[in-house]
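See structure below.
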Amino acid sequence: MKVTLEQTAYIAELARLSFDDDELRRRQDDLNRILEYVEKLDELQPDDVEPLSHPVENTGRPRADVVASSLPIEDTLRNAPDADDRHFKTPKAISV
Amino acid sequence: MTDYEAVIGLEIHAQLKTESKLFCGCDASYGAEPNANACPVCLGHPGALPVLNERAVEFAALLGMAIESRVNPVSIFARKNYFYPDLPKGYQISQFDKPICTGGRIALTRADGVAREIGVTRAHMEEDAGKSIHDRSDATLVDVNRCGVPLIEIVSEPDLRTAEEARLYVEKIRQIVRYLRICDGNMEEGSLRCDANVSVRPQGETELGVKTEIKNMNSFKSVERAVEFEIERQIDLIEDGGEVTQQTLLWDADRNVAVPMRGKESAHDYRYFPEPDLPPVALSEERLAEIRTRLPELPDAKRERFVSDYGLPDYDADVLSQSRDVAEYFERVANASGDAKAASNWTMGEVAREIRERKIEIAEFLLSPERLAEIIALVKDNVVSATAAKEVFVAALEEDKSPKTIVEERNLGQISDASELDEMIDQILKEHTVAVEEYLAGKEKAIGFLVGQAMRLSRGKANPQLLNKSLRQKLESMK
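Those protein sequence lines, which keep their order, are chains X and C. Counting from 1, one number per residue, gives the positions in the first sequence under the working numbering. Counting from 97, one number per residue, gives the positions in the second sequence under the working numbering.
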């Protein structure tokens with residue numbers, strides 16, 4: 001299986017990444033090399049093996065439904081590139 | 097002209113009423129200051145790991161049991177990847193190919209009496225996204241309080257055929273989640289949300305037509321109107337030789353129209369993959385059995401039992417079983433008073449009226465079922481009249497005193513003493529000689545006036561049966 005240049009561009013768009021033509025071709029090569037590497041698995045016949053969603057057998061322990069403290073607002077907003085006193089600010093997503 | 101058939105499927109998101117969020121300990125309740133309920137997990141900070149809320153799983157399993165789903169012993173969380181400002185992680189943790197509940201059914205009865213069974217495809221757990229505010233500044237403002245609040249998404253089969261059925265389906269789901277006490281079902285506040293997929297096809301056609309999706313319906317009425325609107329729009333379009341295009345529409349309840357969603361809709365390609373940060377959700381047989389013990393009697397079963405066990409008319413049973421709290425209140429009154437019909441009349445009448453007027457829930461209603469049963473007994477034993485009983489009811493509610501004390505304090509007891517009544521009757525007969533003569537002359541109706549006057553004299557407290565009987569006897573003896 002090979003990834004085409006169009007597919008690479010589509011994946012880049014979904015990931016909101018922008019590349020010039022040269023970079024895009026290099027990413028296509030990278031993706032194809034990764035695919036080639038995992039194609040090795042095709043040598044196996046995993047027909048009677050359950051698909052694995054998680055590498056650990058342990059199903060983990062859930063949490064009791066108890067409220068714990070949240071962050072102070074100044075910490076919550078500390079890493080935000082832009083904020084007002086209570087909100088994150090992002091470029092306008094919808095024009096109203 | 098071609099007859100068309102509509103095919104409707106609904107996706108309902110119900111916010112699960114847990115204390116904390118689905119994957120972290122932040123408060124999940126509604127109405128906090130913006131961004132007050134946030135931590136590294138729900139903010140999507142690198143290295144922060146989600147840990148599943150046990151109660152959310154239990155609530156989801158309960159819902160599955162109530163709608164006869166298969167509750168799967170193993171289900172898996174998956175990442176649904178998309179970019180939007182109110183989704184800090186860049187993905188929503190949801191369930192994809194292995195949801196917690198598979199299959200299920202919802203029974204509906206249409207207004208014309210036709211019973212319908214609507215299939216449920218699946219129900220899965222997922223986290224809610226935050227809130228984007230677009231209209232308050234030149235930027236989009238983001239509040240992440242809702243990020244990570246647990247939801248259950250219930251997906252119906254495309255079995256619904258009319259707008260009415262769509263509304264009934266949403267109402268039924270709301271009733272069930274409220275009975276289970278897993279969601280408060282408030283469509284205006286968004287704790288219950290509904291998206292509809294609608295397509296039309298010529299009657300008899302088996303292939304599905306092109307569908308559209310309608311969002312933003314925040315009341316039952318909106319669901320019915322929006323689906324109706326979209327069915328008609330699609331039929332008109334096809335009749336005029338056009339074609340339905342697949343798109344997402346937003347319902348505008350003020351203008352009663354569905355408008356195409358603004359903004360660039362990039363192709364929905366969510367690239368689901370198993371969430372590596374969360375192990376599979378396992379529910380042992382013991383755990384499932386334990387959860388099943390918490391499944392309450394559901395509305396349909398309750399309604400039937402109210403008819404068979406209490407001999408209530410269908411109408412009463414239907415009204416009383418609408419809400420679990422109301423049904424339980426009624427049942428306690430019925431059991432304590434031993435008079436189910438009186439209990440039903442009071443619950444649907446005076447109790448419902450007080451609750452409506454005070455804008456409260458029955459859970460906040462202060463008159464205990466036992467006290468209401470006492471009032472019912474007072475009427476039955478002729479201690480108070482039906483009219484006085486209503487005064488006792490209001491007073492008992494406001495003063496937190498026993499009905500008996502109120503009757504004594506306010507002297508509301510019914511006058512059943514014959515000599516006391518006789519005195520009043522004599523006085524009335526003396527004062528209203530014209531009416532007496534009319535009666536004696538054969539005008540039977542005149543007695544009504546005399547009864548009314550005597551009742552007024554007693555300030556409503558005369559035992560009406562006794563008063564009637566004595567008055568008639570006296571008049572007859574004068575003939």
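Each residue gets a CB set at the ideal place from its N, CA and C atoms; glycine is no exception.
Below 9 Å on C-beta distance, what does residue i contact in chain C?
| i | result |
| --- | --- |
| X:T76 | N131, A132, A134, C135, L139 and V240 |
| X:D82 | A235 |
| X:L41 | Per Cβ cutoff of 9 Å: no residues; X:L41 is ~16 Å from chain C at best. |
| X:R86 | E129, P130, N131, A132, L237 and D239 |
Using CA coordinates, which residue listed in the options is at the minimum distance from residue i?
| i | options | result |
| --- | --- | --- |
| X:T4 | X:D20, X:L24 and X:K40 | X:L24 |
| C:G434 | C:D123, C:D405 and C:I451 | C:D405 |
| C:Y275 | C:D373, C:G407 and C:L112 | C:L112 |
| C:E260 | C:S318, C:G160 and C:R242 | C:S318 |
| C:I163 | C:R257, C:D396, C:K541 and C:A439 | C:D396 |
| C:G300 | C:I521, C:D99 and C:D239 | C:D99 |
| C:M313 | C:G509, C:N352, C:A132 and C:V306 | C:N352 |
| C:A128 | C:E450, C:I189 and C:D239 | C:D239 |
| X:M1 | X:R33, X:D21, X:D20 and X:S70 | X:R33 |
| C:L391 | C:K307, C:A156, C:F119 and C:L145 | C:A156 |
| C:M574 | C:F316, C:T529, C:P136 and C:C120 | C:T529 |
| C:Q342 | C:R388, C:N293 and C:A482 | C:N293 |
| C:E495 | C:D477, C:K476, C:L463 and C:E516 | C:L463 |
| C:K476 | C:A436, C:V245 and C:Q523 | C:A436 |
Starting from residue i, find everything on chain C with Cβ-Cβ shorter than 8 Å and list it in chain order.
| i | result |
| --- | --- |
| X:K92 | H230, D234, A235 and T236 |
| X:S18 | Residues of chain C passing the Cβ test: none, with the nearest at roughly 14 Å. |
| X:K89 | S233, A235, T236, L237 and V238 |
In whole angstroms, give me the CA-to-CA distance for residue i and residue j.
| i | j | result |
| --- | --- | --- |
| C:A459 | C:C279 | 16 Å |
| C:N168 | C:S287 | 25 Å |
| C:K360 | C:A423 | Reliability fails at C:K360, whose pLDDT of 48 lies under 50, so the model's placement of it is uncertain and the value that follows must be treated cautiously. Taking the straight line from one Cα to the other gives about 48 Å. |
| C:S419 | C:W442 | 16 Å |
| C:G338 | C:E107 | 27 Å |
| C:L394 | X:A93 | 43 Å |
| C:L256 | C:A322 | 14 Å |
| C:G186 | X:P81 | 17 Å |
| C:G305 | C:S295 | 5 Å |
| C:F402 | C:R428 | 12 Å |
| C:R175 | C:Y265 | 29 Å |
| C:N177 | C:P370 | 11 Å |
| C:S190 | C:E223 | 6 Å |
| C:F664 | C:R270 | The structure shown does not extend to residue 664 of chain C, since chain C is modelled only from 97 to 575, so the question has no answer here. |
| C:L158 | C:A144 | 29 Å |
| C:N149 | C:P130 | 23 Å |
| X:L41 | C:A102 | 47 Å |
| X:A9 | C:R367 | 15 Å |
| C:C138 | C:Y180 | 15 Å |
| C:Y425 | C:D373 | 45 Å |
| C:S440 | C:T483 | 17 Å |
Using a Cβ-Cβ cut-off of 7 Å (strictly less than) and excluding sequence neighbours within five positions of residue i, which residues of its own chain qualify?
| i | result |
| --- | --- |
| C:K268 | I202 and L204 |
| C:P499 | R467, E470, I471, L474, V488 and A492 |
| C:E213 | R201 and A203 |
| C:V479 | V503, G509 and Q510 |
| C:T198 | S165, R166, N168 and R218 |
| C:M357 | T344, L345 and L346 |
Since residue i meets chain C, which of its residues come closer than 7 Å, beta carbon to beta carbon?
| i | result |
| --- | --- |
| X:L71 | A134 and C135 |
| X:R27 | Here the premise fails: no neighbours, minimum Cβ distance about 16 Å. |
| X:V56 | P375 |
Please list, in chain order, the chain X residues whose beta carbon lies closer than 8 Å to that of residue i.
| i | result |
| --- | --- |
| C:V503 | The premise fails here: C:V503 is roughly 47 Å from chain X at the closest Cβ pair, so nothing lies under 8 Å. |
| C:E386 | Result: empty, since nearest Cβ-Cβ is about 14 Å, beyond 8 Å. |
| C:P370 | S53 and H54 |
| C:C122 | V67, A68 and S70 |
| C:R351 | Here the premise fails: no neighbours, minimum Cβ distance about 16 Å. |
Near residue i, what residues of its chain come up, given a Cβ to Cβ distance below 8 Å and the 5 sequence neighbours on each side ignored?
| i | result |
| --- | --- |
| C:A514 | L562 and S566 |
| C:A491 | K497, I502 and R506 |
| C:D332 | none |
| C:I451 | E457, I458 and F461 |
| C:L536 | L571, M574 and K575 |
| C:I644 | This structure does not reach residue 644 of chain C, given that chain C is present from 97 up to 575, and the question cannot be answered. |
| C:E284 | N314 and S315 |
| C:V532 | L525, A542, L546, L571 and M574 |
Considering only residues of the same chain and omitting the five flanking positions on each side of residue i, which have a CB-CB separation below 6 Å?
| i | result |
| --- | --- |
| C:L379 | P169 |
| X:R61 | none |
Could you name the residues of chain X that residue i contacts, counting a contact when the two beta carbons are closer than 7 Å?
| i | result |
| --- | --- |
| C:E115 | D65, V66 and V67 |
| C:C197 | Result: empty, since nearest Cβ-Cβ is about 17 Å, beyond 7 Å. |
| C:D365 | L14 |
Taking CB distances under 8 Å as the criterion, tell me whether residue i reaches chain A.
| i | result |
| --- | --- |
| X:P46 | Going by chain labels, chain A is absent from the structure shown, which instead holds the protein chains X and C. |
Can you list the residues of chain X that residue i reaches, using a CB-CB cut of under 9 Å?
| i | result |
| --- | --- |
| C:F179 | L14, A15 and R16 |
| C:E222 | Result: empty, since nearest Cβ-Cβ is about 16 Å, beyond 9 Å. |
| C:I163 | Per Cβ cutoff of 9 Å: no residues; C:I163 is ~23 Å from chain X at best. |
Check your understanding: Between the segment 81 to 88 of chain X and the segment 230 to 248 of chain C, are three or more C-beta pairs nearer than 8 Å?
Key -> yes
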